[in-house]
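Residue numbers (numbering that gives the first Met the number 0): 0 to 545.
Even glycine gets a Cβ: it sits at the ideal position worked out from N, Cα and C.
Note that this is a predicted model, so its numbers are computed, not measured.
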Amino acid sequence: MMKLRPVAAAAAAALVALLPAACSKRETPVEFGDRTQTLQLGNLTEPTDLDPQIINSQQDFNIVIALLEGLAQYDPKTCLPVPAVAERWEVSADNLTWTFHLRDTARWSNGDPVTAHDFVYAYQRGLSPGLAAEYAYMLFALKNGEAYYEGKVKDFAEVGAKAADDHTLVLQLGHPVPYLPKLVCHSMWYPVHRATIEKFGKIDQRGTLWTRPGNYVGNGPFVLAEWKPNQIIRVTKSPTYWNRDHIRLNAVNFYPIEDNTTEEAMFRTGQLHITSTMPIEKIAVYKHDPKLAGYLSQYTMLATYFFRFNVTKPPLDDVRVRRALAYAINRREMVDRVTLGGQLPAGHLTPPDTGGFTATANVPSDPARARQLLADAGYPGGAKFPHLELLYNTNEGHRKIAEALQQMWRRELGISITLVNQEAKVQSDTMRQGNYQIARYAWIGDYLDPSTFLDIMTGDSGNNQTGWKNAEYDRLIAAAGQTGDEATRFKCYQQCEQILADECPIAPLYFYTRNNLHLPDVKGWYGNLLDLHPFTDVYLEAPAAR
């Protein structure tokens, strides 16, 4: 028998425990789910939090998108913004003032009305320096938003977020942001319930008990019913959601299963409707077996897999060392022999054709040049190269990639790198604290525009976490943000990509293709570029015969 890892075993036990005693012993969790409209969903990792201004991963957002709702929401097919709490909006002729008209039927899960004041409070909270929100920079689009965050403006009344009345939110921008409706789909722009936040702590306090079951007050289509760490998060249909009659699911169960071999086994045995990932070696098996092919889901994602270099740690403070490590990676070999999921080798940060933008900069695979750079840095043939560690989060696929990279660096540069793995939540904290040397990371676009990738590498971005800062890069990002002209913006972004390629604070590896398993029972769930799936249109329909 397969021995389950502790997290996966706990998740499996939680699935079984959910089945009512009256049910037949043969009824699987999937069959139970089809009968009761309960979606059984693999969600990869234990969430870092369920606080919309704190979360920093797609797995976190998968849950929060069920519990909270912003001004706009992602269309499940196109990922373009569609009305949510705001039923409509308009922008001024100078593109600096956006007015959002909120539904008067929007309610919090405790019955309180959702008002424009809730959004203003959330933005004040997100820009509070004490909260240290990784995505705070998203709110810098607001007039004086960055100045407030930096303490240069003390009174939040001077920031461009105002409630004209309970149902009218007016956002005054510091510069044109033509893609603002895409931006406000992100959780950083979600409202929070002030009384709940302040019942359990201060406005800028992280990690309080407000996000626990029984305390959580949200405005989304579901409410938080259960959270057993490393086992299950269960959400149930909200009776107060403004569009509740449209919601067909009664519940969604999220299971943090980091071991993709275990997750695939749970899918095969009827415990999951959808997996988060799947074992690399099983992709070809499903793809070429007529009986299994219908379960394999493959689609392009707006996401990049890369390695971070902590430039505050010698010898990674030497650009020649960083370039040597980046140039020694054979990306084609990695995707053809290791990842095996149809990924594309990446030579830059932003995926091709992101909102019409394709970078021309390139971090090449050039072992000979890599060896020369390492020698120039004082380590010919890897001699006297110091001990370094490569950190990755626990996952079989990441382990295989890390081991392949370890071998490439030994083969091409003559250096030895130690591999260290941590659970995803722990790794996230480690990177945020800067306690690493090299780390595996990935970035999934938050909206369909190149800024969602390039903004993360500015010196003041909470999502940078490499210690790297470049004044010219920051100037170009600011310049791109000051114009609504696409050609001018894209010219700035091309220069930013070239700076990243020249200085290598990161080493791109590949652009993602999502490979996971998906039962046809699940309707209204579509593969899309952001791999985001609002639950408002999802429902379950059992097949006539399985």
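(message) Using CA atoms only, rank isn't needed, just tell me which of N434, P128 and A423 is closest to K153.
(response) Residue mapping note: residue 153 aligns to position 154 of the sequence shown, counting from 1. Here the closest residue by C-alpha is P128.
(request) Taking only runs that begin and end inside the stretch 139-182, name each unbroken beta strand (DSSP E) of 3 or more residues, in chain order. (result) 160-164 and 167-171
(message) Can you tell me whether E402 is helix, strand or coil according to DSSP?
(response) Taking the first residue of the sequence shown as position 1, residue 402 is located at position 403. DSSP places E402 in helix when its eight states are reduced to three.
(request) Use the C-beta contact count for R267: other C-beta atoms within 10 angstroms, 16 or more gives buried, fewer gives exposed. (result) Position 268 of the sequence shown, counted from the first residue, corresponds to residue 267. R267 should be labelled exposed.
(message) If I follow the unbroken beta strand (DSSP E) through A37, where does it start and stop?
(response) Locating residue 37 in the sequence shown gives position 38, counting from the first residue. It should be noted that the sequence gives Thr, not Ala, for residue 37. It spans T37 to G41 - the beta strand (DSSP E) in which T37 sits, taken as one unbroken run.
(request) Taking all protein chains shown into account, decide if N214 is buried (16 or more other Cβ within 10 angstroms of its Cβ) or exposed. (result) Along the sequence shown, one-based indexing puts residue 214 at 215. Its Cβ having fewer than 16 others within 10 Å, N214 is exposed.
(message) Could you tell me which whole alpha helix (DSSP H) segments of length 4 or greater appear in the stretch 478-536?
(response) 485-502
(request) Just tell me which of L126, W209 and P228 has its CA closest to the CA of Y254. (result) On the sequence shown, position 255 is the one that residue 254 refers to. The residue with the shortest Cα to Cα distance from Y254 is P228.
(request) Give every residue of the same chain whose Cβ lies closer than 8 Å to the Cβ of A541, excluding the five residues on either side of it in the sequence, and list them in chain order. (result) The residue you call residue 541 lines up with position 542 of the sequence shown. So the qualifying residues of the chain are E30, D33, R34 and D520.
(request) Assuming G509 and M333 form a contact by the criterion Cβ under 8 Å, report the distance between their Cβ atoms to the nearest whole angstrom. (result) For the purposes of this step, residue 509 is identified with residue 510 of the sequence shown, where counting begins at 1. For the purposes of this step, residue 333 is identified with residue 334 of the sequence shown, where counting begins at 1. According to the sequence shown, residue 509 is Tyr rather than Gly. That belief holds up - the Cβ atoms of Y509 and M333 are roughly 7 Å apart, short of 8 Å.
(message) Considering only the alpha carbon of each residue, which of Q39, T37 and I505 lies closest to R307?
(response) Counted from its first residue, the sequence shown places residue 307 at position 308. Ranking the options by Cα distance to R307, first place goes to I505.
(request) Using the DSSP secondary-structure output, state which residues sit across from E89 in a beta bridge. (result) Here the question's residue 89 lines up with position 90 in the sequence shown. Answer by DSSP bridge pairing, in chain order: T98.
(message) Between which two residues does the beta strand (DSSP E) holding Y304 run?
(response) Position 305 of the sequence shown, counted from the start, is the residue given in the question as residue 304. It spans L295 to F308 - the beta strand (DSSP E) in which Y304 sits, taken as one unbroken run.
(message) Output needed for A20: all residues of its chain with C-beta closer than 7 Å, excluding positions within five of it in sequence on either side, in chain order.
(response) Numbered from 1 along the sequence shown, position 21 holds the residue referred to as residue 20. With a pLDDT of only 44 at A20, under the threshold of 50, the placement of this residue in the model should not be trusted; the figure read from the coordinates follows. Excluding residues within five positions, none has a Cβ falling inside 7 Å.
(request) Mind reading off the beta-carbon distance from S237 to S108? Whole number of angstroms is fine, and I expect it under 8 Å. (result) Residue mapping note: residue 237 aligns to position 238 of the sequence shown, counting from 1. Residue mapping note: residue 108 aligns to position 109 of the sequence shown, counting from 1. With 8 Å as the limit, S237 and S108 qualify as a contact, their Cβ atoms being about 6 Å apart.
(message) Rounded to the nearest angstrom, what separates S23 and G269 at their Cα positions?
(response) Within the sequence shown, numbered from 1, the residue matching residue 23 stands at position 24. Within the sequence shown, numbered from 1, the residue matching residue 269 stands at position 270. For S23, the predicted structure reports a pLDDT of 49, less than 50, and the residue's modelled location is therefore unreliable. A value from the coordinates is still provided. Approximately 14 Å, taken between the alpha carbons.
(message) Any contact between the stretch 238-252 and the stretch 161-168? By contact I mean 3 or more CB pairs, one from each, below 8 Å.
(response) no
(message) Assuming K236 is part of the beta strand (DSSP E), what are its boundary residues?
(response) Here residue 236 corresponds to residue number 237 of the sequence shown, with the count starting at 1. Looking at the DSSP string, the run of the beta strand (DSSP E) that includes K236 is I231 to K236.
(request) Find out if the Cβ-Cβ distance for the pair G340, Q406 is shorter than 9 Å. (result) Mapped onto the sequence shown, residue 340 falls at position 341. Mapped onto the sequence shown, residue 406 falls at position 407. Going by C-beta atoms, G340 is not nearer than 9 Å to Q406.
(message) For the alpha helix (DSSP H) containing Q57, name the first residue and the last one.
(response) To locate residue 57, count along the sequence shown from 1; it is residue 58. Element bounds for Q57: Q57 to L66.
(request) Select from W524, D48 and G41 the residue whose C-alpha is nearest the C-alpha of D59. (result) Walking along the sequence shown from the start, residue 59 turns up at place 60. Nearest of W524, D48 and G41 to D59, Cα basis: D48.
(request) Could you check which residue in L223, L301 and P533 has the C-alpha nearest to that of G354? (result) Translated into the one-based positions of the sequence shown, residue 354 becomes position 355. G354 has its Cα closest to that of L301, out of L223, L301 and P533.
(request) Give the DSSP bridge partners of E388, in chain order. (result) By 1-based counting over the sequence shown, the position of residue 388 is 389. Partner(s): T417.
(message) The alpha helix (DSSP H) that contains Y285, what's its start and end?
(response) The sequence position of residue 285 within the sequence shown is 286, counting from 1. First-last of the alpha helix (DSSP H) with Y285: I279 to H287.
(message) Please report the distance separating the alpha-carbon of I54 from that of G461.
(response) Position 55 of the sequence shown, counted from the first residue, corresponds to residue 54. Position 462 of the sequence shown, counted from the first residue, corresponds to residue 461. Cα to Cα, the separation comes out at about 12 Å.
(request) Tell me, please, whether the stretch 374-390 touches the stretch 340-351 by the rule of three or more beta-carbon pairs shorter than 8 Å. (result) no
(request) To the nearest angstrom, report how far apart D530 and P344 are at their CA atoms. (result) Taking the sequence shown and counting its residues from 1, the one referred to as residue 530 is at position 531. Taking the sequence shown and counting its residues from 1, the one referred to as residue 344 is at position 345. Taking the straight line joining both Cα atoms gives about 20 Å.
(request) Identify the continuous beta strand (DSSP E) that holds E332 and give its terminal residues. (result) By one-based count along the sequence shown, residue 332 stands at place 333. Careful: E332 lies outside any beta strand (DSSP E), inside the alpha helix (DSSP H) at R330 to M333.
(request) Give a yes or no on whether the C-beta atoms belonging to K142 and Q171 are separated by under 9 Å. (result) Taking the sequence shown and counting its residues from 1, one reaches residue 142 at position 143. Taking the sequence shown and counting its residues from 1, one reaches residue 171 at position 172. The answer is yes: Cβ separation under 9 Å.
(request) Within its chain, find whatever has a CB closer than 7 Å to the CB of L315; leave out the 5 residues flanking it on each side and keep chain order. (result) Position 316 of the sequence shown, counted from the first residue, corresponds to residue 315. The answer, listed in chain order, is F308, N309, R321 and Q436.
(request) Check whether the Cβ atoms of P507 and F305 sit closer than 9 Å, and answer yes or no. (result) Here residue 507 corresponds to residue number 508 of the sequence shown, with the count starting at 1. Here residue 305 corresponds to residue number 306 of the sequence shown, with the count starting at 1. Yes, they are a contact pair.
(request) Tell me whether Q72 sits in a helix, a strand or coil according to DSSP, three-state version. (result) Position 73 of the sequence shown, counted from the first residue, corresponds to residue 72. Strand, per DSSP.
(message) Quick check on this structure: which residue in E157, S186, C78 and A369 has the alpha carbon closest to the alpha carbon of D133?
(response) Against the sequence shown, residue 133 aligns to sequence position 134. Asp is not the amino acid found at residue 133; the sequence shown has Glu there. The shortest C-alpha separation from E133 is found at S186.
(message) If distances are taken between C-alpha atoms only, which option among H272, L38, A470 and A500 comes closest to A250?
(response) In the sequence shown, residue 250 corresponds to position 251, counting from 1. Selected option, being the one with the closest Cα: L38.
(request) With L453 as the anchor, note down where its beta strand (DSSP E) starts and where it stops. (result) Here residue 453 refers to the residue found at position 454 when the sequence shown is read from its first residue. Looking at the DSSP string, L453 is not in any beta strand (DSSP E); the run it does join, the alpha helix (DSSP H), is S450 to L453.
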